[in-house]
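Enquirer: After the structure tokens below, expect a handful of questions from me.
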Amino acid sequence: MYSVKEIFYSLQGEGAQSGRPSIFCRFTGCNLWSGREQDRNKAVCDFCDTDFIGTDGQNGGKFSTANDLCQFLATFWPDASSQKPYIIFTGGEPALQLDQALVDQCHSFGFEVAVETNGTKPLPEGIDWVCVSPKADTELVIESGHELKLVYPQSLAPPDRFEHLPFQHFYLQPMDGPTRSMFTQDVINYCLKHPQWKLSLQNHKLLGID
Ligand code: SF4
């Protein structure tokens with residue numbers, strides 16, 4: 280059984296795949312915060328702005344099998360497209376639910392599979408694009424992938440903790456909130472001093488698209 284908060288078709292807003300048409304599948308639940316405001320002060324990850332509780336978002340629900348979920352995901356891709364559907368599993372923490380059966384079923388449907396994870400839980404084999412976004416002082420289990428995207432600043436997760444890891448891309452993304460413009464300047468300054476890192480903006484928020 281897979282519990283999904285919401286599914287929608289949009290453009291990826293962040294990081295190396297920014298601008299790419301994508302089907303987002305947001306799983307319910309995270310291992311670093313309950314998602315309830317009253318628990319935020321004891322959360323490991325305390326700056327989250329995502330609603331990942333329940334299955335009541337747009338097109339959310341419970342799916343008994345990987346086949347059921349894949350059949351539903353396929354309906355979001357334009358019929359006439361010759362491109363493989365690009366599915367981004369996110370959350371919450373997708374590694375709590377994304378299993379080998381679902382990755383394999385996605386591939387048998389001809390999907391390209393991406394994941395955005397906090398990196399603290401093991402992932403199934405064969406995911407086509409792995410984006411790890413470390414949080415606070417958590418220990419990474421996923422220490423390699425295609426993209427490491429770090430929300431900045433996090434006092435317990437400075438960029439130099441991760442720069443030796445074997446990722447293809449290293450992104451810093453300004454923490455959202457009232458001080459975002461100040462953090463954006465901080466990220467720009469950091470990237471200019473440390474060219475391994477690139478600026479990631481949350482374009483979907485800047486443009487006001489879902
Ligand atoms: S790890 Fe991600 S989903 Fe979980 S609380 Fe932090 S930002 Fe939110």
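Here the numbering used here is used: the first residue of the sequence shown is 280, the next is one more, and so on. By construction, the Cβ of each residue, glycine as well, lies at the ideal position given by its N, Cα and C atoms.
Just checking my contact of I282 with Q350 at CB under 8 Å: how many whole Å lie between their CB atoms?
Expert: First, the residue type needs correcting, since residue 282 is Ser and not Ile in the sequence shown. Wrong, their Cβ atoms sit about 17 Å apart, outside the cutoff.
Enquirer: Determine the extent of the alpha helix (DSSP H) in which T463 is found, giving its start and end residues.
Expert: First-last of the alpha helix (DSSP H) with T463: 459-472.
Enquirer: For the ligand SF4, any of its heavy atoms closer than 6 Å to the Cβ of G370?
Expert: G370 Cβ: within cutoff of the ligand SF4.
Enquirer: Can you name, in chain order, every residue of its own chain whose Cβ lies under 6 Å from the Cβ of F462, other than the five neighbours on each side?
Expert: Closer than 6 Å at Cβ, skipping near neighbours: P453, M454.
Enquirer: Leaving aside the five residues before and after R319 along the sequence, list all residues of the same chain whose C-beta is less than 6 Å from its C-beta, in chain order.
Expert: Result list for R319: D325, in chain order.
Enquirer: Sort K477, I332, D416, D347 by Cα distance to E285 and report the nearest one.
Expert: Ranking the options by Cα distance to E285, first place goes to I332.
Enquirer: Over what stretch of residues does the beta strand (DSSP E) that includes C410 continue unbroken?
Expert: Note, C410: beta strand (DSSP E), 408-411.
Enquirer: Keeping to the same chain, check which residues put their C-beta closer than 7 Å to that of D378; ignore five residues upstream and five downstream.
Expert: Counting only Cβ-Cβ distances below 7 Å, and skipping sequence neighbours, we find P403.
Enquirer: Go through its chain and collect everything with a Cβ distance to N338's Cβ below 7 Å, but skip five positions before and after it.
Expert: The answer, listed in chain order, is E285, I286, F287.
Enquirer: Give the single residue among L429, P438, K341 whose Cα lies nearest to the Cα of R305.
Expert: Looking at the Cα atoms, K341 is the closest of the given residues.
Enquirer: Could you tell me which whole beta strand (DSSP E) segments of length 3 or greater appear in the stretch 371-436?
Expert: Here the runs fully enclosed are 391-396, 408-411, 424-431.
Enquirer: Below 6 Å, is the gap between the Cβ of L311 and the nearest heavy atom of the ligand SF4?
Expert: Yes, the beta carbon of L311 sits closer than 6 Å to at least one heavy atom of the ligand SF4.
Enquirer: Could you check whether E426 and A295 sit closer than 7 Å to each other, using their CB atoms as the reference points?
Expert: Yes, the Cβ-Cβ distance between A295 and E426 is below 7 Å.
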